[in-house]
Amino acid sequence: MKIYDIVIIGGGPAGLAAAEAAYKAGVTDIMILERDVRLGGILNQCIHNGFGLHTFREELTGPEYAARYEEKIRELKIPYSLETMVTDLSLSEDNCKVVTCMNKDRGMYKVGARALILAMGCRERARGSMNTPGYRGAGVFSAGTAQLYVNIEGYMPGRKVVIVGSGDIGLIMARRMTLEGAEVKMVVEIMDHSGGLKRNIVQCLNDFNIPLKLSHSVVGIRGKNRVEGVTVAKVDEKLKPIPGTEEYVECDTVLYSVGLIPENELTRKLKADMDERSGGPKVLESLELSVPGVFACGNVLHVHDIVDHVSEEAAHAGENAASFVKTGAVPDGAKGYVDSEEKNVYRPGENEDKITCIMCPNGCNMTAVKNADGTVSVTGNLCPKGIKYATEELTAPRRTVTTTVKLTGSDAAALPVKTDKTIPKDKIKDVINELTGLTVSAPVKVGDVIVSDIAGTGADIVSCSEFSVTGGI
Ligand SMILES: Cc1cc2nc3c(=O)[nH]c(=O)nc-3n(C[C@H](O)[C@H](O)[C@H](O)COP(=O)(O)OP(=O)(O)OC[C@H]3O[C@@H](n4cnc5c(N)ncnc54)[C@H](O)[C@@H]3O)c2cc1C
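Just so you know, we're using my numbering here: the sequence shown kicks off at 9 and counts up by one.
Set out below in structure tokens:
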């Protein structure tokens, strides 16, 4: 059995940042094991922008953010094994971590690790955990599965959609399905507020006139072979449906976006202490589990909203794992990580005049009011960029459009693309119309111009991902 200094399970943003940091801390004998066909994790299907403001001081799409880390891994020549699923973990008598994995070339095999970094991410809570009555007809998906179909595999899950859950993923899928030509009937949220960012309420729902039904729940799904509609009812303060408030909504698709669960079946095999509140393992400041030499970072530890925080946390896990390999221990005061993000959730009637600036990592929470004479008064900004952003948002909003075009000749059917600059909000439809039916052939690289001056906006459509002819990167 080959024994590595560090084995990392998961090649998403957490695994990649941990690998880079461990390498830079002097441990180069590393192996990343990833079950998917490419590195990058969930980011490959998150084609919207909003990633990377803290790490790169730029707003990137998910694939672009992932590509930056993949490039670092290739530059440092850190080995990784794709399409390799880890199925078991155990400890040998001399405290070597034994990783059982399988892939189509080697079948089932074991590797050893002096230190192990868990970076397996999370999975979605499904319809089953919501106890929604009704038939099991086709057309019910988790939002992430629908995102995979649309953004990577190039399929449309349906045409008339109801979304359950108004966290950021639900909101982002409402916009995505709309841009792909579906009619999103409503987003149904059982709480009296949305768990999503106000910015996503504005840009994903309000921009497209999609209703948000707060304090409502889907109480029935109709349709034996295929979904035909759902019954939506108002809920009381105990979240129980109120009889007499039912409304039938015709649709062919229901997307559930009702929470994420850290993926810890493997962690439990090591008999690590678990934190039942977060669903992840209990860790010390150093991100080390109750099992010495095993570290965790990213969504496997607890669900993170912002990928920049994942990268920062994972870098600490990588440095501390390297220290464990070199010295057999993690030094006192080893760098830990505290997720200090305060989420500005949307509640109608509250903070209606608040706006969060996205021009730089400061993320100023500003107050912006449009005056009778058309001018805008802004307070709470740390720099002039805030005034520009708020004024534009209240008078002539602009958006970066992210979508996909058809891809041929590679292993994905869809290529994520975006406008290289913001365009007037009322031009979004024209941009999408011009891209409909466009096909791009691999190879294609990040930043390649796909269409110049799209819809006369002065913006170019550029590729956000890299695909070779043979597939993957
Ligand atoms: C739908 C969605 C939208 C998001 N939008 C934003 C946003 O707009 N802005 C933002 O900053 N953040 C966003 N995030 C959050 C951000 O993308 C995540 O926090 C980040 O991707 C987590 O990184 P990770 O490496 O921990 O997990 P992941 O990206 O999930 O990576 C985990 C990797 O581990 C692999 N793996 C799991 N189990 C095994 C196994 N047994 N063997 C081998 N490999 C395995 C998986 O295949 C995967 O590649 C979003 C997240 C989701 C789910």
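All residues carry an ideal CB built from backbone N, CA and C; glycine is no exception.
Should residue i go down as buried or exposed, given a rule of 16 or more other Cβ atoms within 10 Å for buried?
i: Arg-184; result: buried
i: Tyr-397; result: buried
i: Leu-309; result: buried
i: Ala-127; result: buried
i: Ser-319; result: buried
i: Ser-265; result: buried
i: Ala-380; result: exposed
i: Tyr-163; result: exposed
i: Glu-400; result: exposed
i: Val-195; result: buried
i: Phe-303; result: buried
i: Glu-327; result: buried
i: Ser-460; result: exposed
i: Asp-281; result: exposed
i: Leu-390; result: exposed
i: Thr-383; result: exposed
i: Glu-284; result: exposed
i: Pro-251; result: exposed
i: Met-97; result: According to the sequence displayed, residue 97 carries Leu and not Met. When all chains shown are included, Leu-97 counts as buried.
i: Asp-260; result: buried
i: Pro-21; result: buried
i: Pro-339; result: exposed
i: Thr-275; result: buried
i: Gly-136; result: exposed
i: Thr-92; result: buried
In chain order, what residues of the same chain have a beta carbon less than 7 Å from the beta carbon of residue i, not counting five sequence neighbours either side?
i: Tyr-31; result: Ile-38, Leu-84 and Ile-86
i: Gly-142; result: Gly-228, Ile-229 and Arg-230
i: Glu-72; result: Val-454 and Cys-472
i: Ala-467; result: Thr-427, Asp-428, Lys-429 and Ile-431
i: Glu-349; result: Any reading at Glu-349 needs caution, since the residue's pLDDT is 49, under 50, leaving its predicted position unreliable; the model's value is listed next. Excluding positions up to five away in sequence, the list reads Asp-313, Ile-314 and His-317.
Relative to the alpha-carbon of residue i, which residue among the options has its alpha-carbon at the smallest distance?
i: Ala-404; options: Ile-50, Asp-215 and Arg-76; result: Asp-215
i: Ala-33; options: Thr-63, Ala-325 and Lys-105; result: Ala-325
i: Gly-388; options: Ile-171, Lys-378, Gly-371 and Glu-401; result: Gly-371
i: Ile-440; options: Glu-255, Thr-416 and Arg-407; result: Arg-407
i: Ser-225; options: Gly-301, Asn-208, Glu-255 and Tyr-12; result: Glu-255
i: Arg-167; options: Ala-190, Phe-149 and Ile-160; result: Ala-190
i: Ile-458; options: Cys-391, Asp-340 and Leu-443; result: Leu-443
i: Lys-232; options: Ile-125, Gly-145 and Leu-51; result: Gly-145
i: Pro-451; options: Glu-79, Val-477, Glu-358 and Val-148; result: Val-477
i: Gly-357; options: Gly-136, Glu-284, Gly-287 and Lys-206; result: Lys-206
i: Thr-253; options: Ala-241, Cys-259, Thr-430 and Thr-261; result: Ala-241
i: Ser-202; options: Gln-211, Gly-58, Val-210 and Leu-222; result: Leu-222
i: Ile-198; options: Val-192, Thr-416, Thr-140 and Cys-212; result: Thr-140
i: Leu-187; options: Val-413, Asp-428 and Thr-430; result: Val-413
i: Thr-465; options: Lys-435, Gly-445 and Thr-447; result: Lys-435
i: Ala-323; options: Lys-334, Thr-335 and Ala-342; result: Ala-342
i: Ala-337; options: Cys-212, Leu-415 and Ala-123; result: Ala-123
i: Asn-307; options: Val-238, Glu-296 and Arg-131; result: Arg-131
i: Val-448; options: Ile-462, Gly-417, Asp-438 and Lys-437; result: Gly-417
i: Arg-46; options: Leu-90, Val-235, Ala-74 and Ala-25; result: Leu-90
i: Ala-329; options: Ile-314, Asp-340, Ser-385 and Leu-295; result: Leu-295
i: Asp-13; options: Lys-290, Asn-103, Leu-268 and Val-238; result: Asn-103
i: Leu-268; options: Glu-321, Pro-339 and Ser-150; result: Ser-150
i: Val-257; options: Leu-274, Glu-321 and Glu-236; result: Glu-236
i: Ile-395; options: Arg-355, Ile-363 and Leu-415; result: Ile-363
i: Thr-153; options: Ile-50, Pro-21 and Asp-438; result: Ile-50
i: Lys-437; options: Gly-287, Ala-463, Cys-109 and Val-386; result: Ala-463
i: Glu-271; options: Gly-287, Leu-402 and Asp-260; result: Gly-287
i: Leu-61; options: Glu-79, Ser-137, Ile-314 and Pro-165; result: Ile-314
i: Val-210; options: Arg-135, Lys-433 and Gly-445; result: Lys-433
i: Val-262; options: Pro-289, Tyr-354, Gly-129 and Arg-234; result: Arg-234
Can you name, in chain order, every residue of its own chain whose Cβ lies under 6 Å from the Cβ of residue i, other than the five neighbours on each side?
i: Ile-40; result: Ile-16, Gly-19, Gly-23, Ala-27 and Tyr-88
i: His-312; result: Val-318
i: Gly-204; result: Ser-174, Gly-175, Asp-176 and Leu-179
i: Thr-63; result: Asp-316 and Ser-319
i: Gln-53; result: Gln-155, Leu-156, Asn-159 and Ile-160
i: Asn-208; result: Asp-176 and Leu-179
i: Ile-218; result: Ala-182 and Val-192
i: Asp-456; result: Ser-471
For residue i, which residues of its own chain have a beta-carbon under 8 Å away from its beta-carbon, when the five flanking residues on both sides are left out?
i: His-56; result: Thr-69, Gly-70, Ile-180, Arg-183, Arg-184 and Thr-410
i: Leu-99; result: Lys-105, Val-106, Leu-278 and Val-299
i: Lys-393; result: Cys-365, Met-367 and Cys-368
i: Asp-361; result: Thr-375, Ala-376 and Val-377
i: Lys-10; result: Val-119 and Gly-120
**Study point:** Stretch pair the segment 161 to 178 + the segment 61 to 79: three plus CB contacts closer than 8 Å
**Key:** no
Review point. Is the segment 417 to 427 touching the segment 460 to 478 in the sense that three or more CB pairs, one from each, lie closer than 8 Å?
Key: yes
Practice item. Count the C-beta pairs between the segment 108 to 116 and the segment 231 to 247 that are closer than 8 Å, then say yes if the count reaches three, no if not. Key: no
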